[in-house]
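Working notes, structure below.
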Amino acid sequence: MIRLTVAQAVVRFLAHQWSERDGVERRFFGGCTGIFGHGNVAGLGQALATSNEDLPYYLSRNEQAMVHTAAAYARAGNRLATLACTTSIGPGATNMITGAAGATINRLPVLLLPGDIFSTRVAGPVLQELEDQRSYDISVNDCFKPVSRYWDRINRPEQLPSALLAALRVLTDPAETGAVTLALPQDVQAEAFDWPDELFARRVWHIPRPRPERSALARAAELIRSAERPLIVAGGGTIYSEATDQLRAFAEACGVPVAETQAGKGALPYGHPLALGAIGATGTTAANALARDADLIIGVGTRYSDFTTASRTIFAPDARFVNLNITGFDAAKLSGLQVVADAREGLADLAEACAGWSTPAAYRERAAELTRAWDSAVDEAYALEGSPLPQSAVIGAVNAAAGDDGVVVCAAGSMPGDLHKLWRPSGPGSYHVEYGYSCMGYEIAGGLGVKRAVPEREVFVLVGDGSYLMMAQELVTAVSEGIKLVVVLVDNSGFASIGRLSESVGAERLGTSYQRRDGGPLPVDLAANAASLGASVLRPETVADLRKALDTARSATETTVIYVRTDRLADDVPSSDAWWDVPVAQVATTSATYAARETYETNKRSQRPHLAPPG
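If you want it as structure tokens, here you go:
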């Protein structure tokens, strides 16, 4: 037995957790990031300060940001490792809720350790305590329940071992993973207990690779072999399971073109003969044209978001679906034939079951022709010049600077949609756009997580002025930790994406521009702000200047912010020829809104339930 406080036991336990897949073992927790205050400083703060265990502590500047950093770290490591996050009680804890929702929506493991009110209640109500007349057992940490895959409150030391094991079970399960919350009352954190030695033994969590059930595999192979125009939709699960080689082998052997979701982008590298690029509301015209004609959709590791399906308008009414997914929940979507399995194992088995079968040569040539036409449109968008700079030209310059080893990080606004369409990925891991939650403020914090996970790669953060103003402070974390990022700060004086959407639904761009009440420009200098936070700052004016600035930033050893101006009202990116369901008011005072409603109702009629059985 060993006598430790609850907080000390948590730290020691986390330091001895490992994950294993395909014979490779790695520490599951790359460290603990946090901000100390009332509720965790005397518990986890003391434990981390005095620990000899291999669990480094990283100081963040914002609690939401630290969860974004942990989620990005997990994604960049294909969900085989993550960071723990600790906060004080009250606002420190609730600041993490947005990050927790993003992690769970994106199926990424993060461990949250918020401080909580006194378990004994002897001093209540304590500072920052939410008093609820229904129960003294409710605290603000109960808000984490709907956004956590596992939630527990440790009211007694005896409860800790089972809670820790349950937490790791969920975090390391690819079918169940997401945010895990262990609420730690501040008095319990400091309480001593005699723990069994076995709790702190080196523990290896084996990440399974389940293979498809035989009859499901046979049914899927039969459906695939009977298809004339099949299309693969590769999602994030393809990359997390490291199945990209198997995806390429299956696609090549069977001649099936591949379209990619936001999380799946890079599953096939740009230039592969069967790579169509993005699909859906922010997709390429090549992928979307084939999707409309496809008689079979093979979904691999995708959750079929509304952007992927263009709000269920992109696939033919009679299309059938074979869904290979680690979770039955996602595999069952769109009435698909469920192949519940690891993507790598499932693709290998499907390739064997479909051996000798291939799509017609004419179909493959049509896919290549459509892709060539889209490539020409992207070339034109990348080659645009102007002042302010076209956003497509900015993306093109960053794409070129990233090369084969770069990673682009983005999250919200107009940039993710443009990136999904335009970015030419070098392979898996080169494209990191958080679009499950599309959370403004993710970008710089996410860049920190990516760089911590893959320090050998150059990380290029693309962030708009709206997102930057929500969470710029993590630049300080990058500078203090000596973490090098290349941050391209795109200033268009407002919200470009929502501005266009607002105009299209008759909301007249209300609240989407940064200006004085009288309409004049704001005297705000975001570049100077970045410099004040410790970053080196460059201000290119032309595309040629931007390319030079990117070269300078890439060769630097410290974080550099490249500040560029773009036009919020410009629309310089080719259309996807797809739709996204955003309701338009049925009653309005302008003819534009009524016209928009008419267009909306026309598109609504093209939505499909996809309820037909796959057989």
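Read in order, the letters of the sequence shown correspond to residues 1 to 615 in the UniProt record's numbering. Heads up, the beta-carbon is just placed ideally off N, CA and C, and yes, glycines get one too. Source: prediction; values computed, not measured.
Collapsed DSSP secondary structure at residue 354 in the structure displayed
coil
For residue 304 and residue 317, the rounded distance between their alpha carbons:
16 Å
With which residues is residue 104 paired in a DSSP beta bridge?
Looking at the DSSP assignment, residue 104 forms no beta bridge with any residue, so it has no partner.
With residue 190 and residue 5 assumed to form a contact (beta carbons below 8 Å), what rounded beta-carbon distance in angstroms separates them?
6 Å
Is residue 459 near residue 398, with beta carbons less than 8 Å apart?
Contact flag unset, no.
Using C-beta distances below 6 Å, list every residue in its chain close to residue 346, excluding the 5 sequence neighbours before and after it, in chain order.
212, 324, 339
Compute the distance between the beta-carbons of residue 354 and residue 224, then report whether it is under 8 Å.
Cβ atoms of residue 354 and residue 224: closer than 8 Å.
Give every residue of the same chain whose Cβ lies closer than 7 Å to the Cβ of residue 404, excluding the five residues on either side of it in the sequence, and list them in chain order.
426
Check for me: the alpha helix (DSSP H) holding residue 13 runs from which residue to which?
6-15
Alpha helix (DSSP H) segment containing residue 224, residue limits
It spans 214-225 - the alpha helix (DSSP H) in which residue 224 sits, taken as one unbroken run.
Mapping the DSSP letters down to three states, classify residue 431 as helix, strand or coil.
strand
Per DSSP, what are the beta-bridge partners of residue 257 in this structure?
DSSP output for residue 257 lists no bridge partner at all.
Assess contact between the segment 484-495 and the segment 551-567, defined as three or more Cβ pairs (one per stretch) separated by less than 8 Å. Is contact present?
yes
What is the residue span of the alpha helix (DSSP H) that residue 329 lies within?
Looking at the DSSP string, the run of the alpha helix (DSSP H) that includes residue 329 is 328-331.
Specify, as a first and last residue, the run of the alpha helix (DSSP H) that residue 67 falls within.
Start and end: 63-76.
Which runs of the beta strand (DSSP E) at least 3 residues long sit entirely within the segment 121-182? Give them in chain order.
Runs found: 150-153.
Three-way DSSP call (helix, strand, coil) for residue 20 in this model
strand
With a threshold of 16 other CB atoms inside 10 Å of the CB of residue 36, please say whether the residue is buried or exposed.
buried
Quick one: which unbroken beta strand (DSSP E) runs of 3-plus residues sit fully inside the segment 518-604? Chain order, please.
536-538, 560-565
Considering Cα atoms alone, identify which of 551, 371, 311 is closest to residue 607.
311
Count the other CB atoms within 10 Å of the CB of residue 204; is the residue buried (16 or more) or exposed (fewer)?
Looking at its Cβ environment, which holds fewer than 16 other Cβ atoms inside 10 Å, residue 204 is exposed.
Taking C-alpha atoms, which residue in 326, 430, 551, 16 lies nearest to residue 409?
The residue among 326, 430, 551, 16 with its C-alpha nearest the C-alpha of residue 409 is 430.
For residue 193, which residues in the same chain have their Cβ closer than 6 Å to its Cβ, ignoring the five residues on either side in sequence?
157
Between which two residues does the alpha helix (DSSP H) containing residue 374 stretch?
Boundaries of the alpha helix (DSSP H) around residue 374: 361-382.
Sort 208, 238, 505, 417 by Cα distance to residue 75 and report the nearest one.
238
Please go through the segment 391-433 and give each complete beta strand (DSSP E) segment of 3 or more residues, from N-terminal end onward.
You should have 406-410, 431-433.
Considering Cα atoms alone, identify which of 270, 614, 477, 358 is closest to residue 400.
270
Beta-carbon contacts of residue 389 that lie in its chain and below 6 Å, excluding the five residues immediately before and after:
Excluding residues within five positions, the ones whose Cβ falls inside 6 Å are 564, 566.
Terminal residues of the alpha helix (DSSP H) in which residue 448 lies:
442-453
Measure from the alpha carbon of residue 494 to the alpha carbon of each residue in 474, 519, 482, then state which is nearest.
When each option's Cα is compared against that of residue 494, the closest is 519.
Should the segment 494-508 be called in touch with the segment 463-476, which here means at least 3 C-beta pairs below 8 Å?
yes
Near residue 580, what residues of its chain come up, given a Cβ to Cβ distance below 8 Å and the 5 sequence neighbours on each side ignored?
281, 306, 307, 310, 311
Spatial neighbours of residue 216 within its chain, please: CB distance less than 6 Å, with the 5 preceding and 5 following residues excluded, ordered by chain position.
339
In the DSSP assignment, find the unbroken beta strand (DSSP E) run with residue 338 in it and report its ends.
It spans 337-340 - the beta strand (DSSP E) in which residue 338 sits, taken as one unbroken run.
Looking only at its own chain, which residues have a Cβ that is under 8 Å from the Cβ of residue 1, when we skip the five neighbours before and after it?
194, 195, 196, 197
Going by beta carbon distance, what residues of the same chain come within less than 7 Å of residue 699, once the five residues before and after it are set aside?
The structure shown does not extend to residue 699, since the chain is modelled only from 1 through 615, so no value can be given for it.
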